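A.B. asks: Shown below is the structure under consideration.
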Amino acid sequence: MKNLRLILALVFLFAWLPVADAAAKKFKNCTELNKVYPGGVALPGAVNAGGATKKTPKYDKALYTANKKSDRDGDGIACEK
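Numbering follows the numbering used here, in which position 8 of the sequence shown is assigned residue number 208; successive positions increment by one, without gaps.
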C-alpha cells in the first residue's frame with residue numbers, strides 16, 4: 201500500500217513539472233525577427249564584427265542556431281542593429 205501511494209505521488213509530481221520548449225522559433229527574415237528581438241539574436245559571448253550597435257541582442261544559443269542563416273557577417277549575431 202505504501203508503494204502504491206509513493207508511485208501515485210511521483211506520477212502526480214512529474215505531471216505538474218513544466219515542459220521545456222521543444223524548439224526555438226525560426227523567423228522568415230530579419231524584419232520578422234527584429235519585431236520580436238529588436239537587437240537581433242546572438243550566441244553567448246558573441247562580439248559584433250561591425251563595431252558598436254544601437255541595441256543589445258538577445259543571447260540564446262538555440263534561438264541563434266535556428267536563425268543562423270540571417271547572420272550575414274558570420275560574427276555570431278543575427279540581424280543586429
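For every residue, glycine included, the Cβ atom is placed at its ideal position computed from N, Cα and C. All values derive from a computational prediction rather than experimental measurement.
Quick one: measure Cβ to Cβ for Ala278 and Ala224, integer angstroms, because I've assumed they're closer than 8 Å.
C.D. replies: At roughly 12 Å, the Cβ-Cβ gap does not stay under 8 Å, so Ala278 and Ala224 are not in contact.
A.B. asks: Between Lys255, Thr231, Lys254 and Gly251, which has its C-alpha nearest Ser270's C-alpha?
C.D. replies: Comparing Cα-Cα distances from Ser270 to each of Lys255, Thr231, Lys254 and Gly251, the minimum goes to Thr231.
A.B. asks: Using a Cβ-Cβ distance under 8 Å, would Lys258 count as near chain D?
C.D. replies: Absent here is chain D; the protein component of the structure consists of one chain.
A.B. asks: Is Asp275 near Ala252, with beta carbons less than 8 Å apart?
C.D. replies: No, Cβ-Cβ distance for Asp275 and Ala252 is not below 8 Å.
A.B. asks: Once DSSP output is grouped into helix, strand and coil, what is the label at Lys226?
C.D. replies: In this structure, Lys226 counts as coil in the three-state DSSP scheme.
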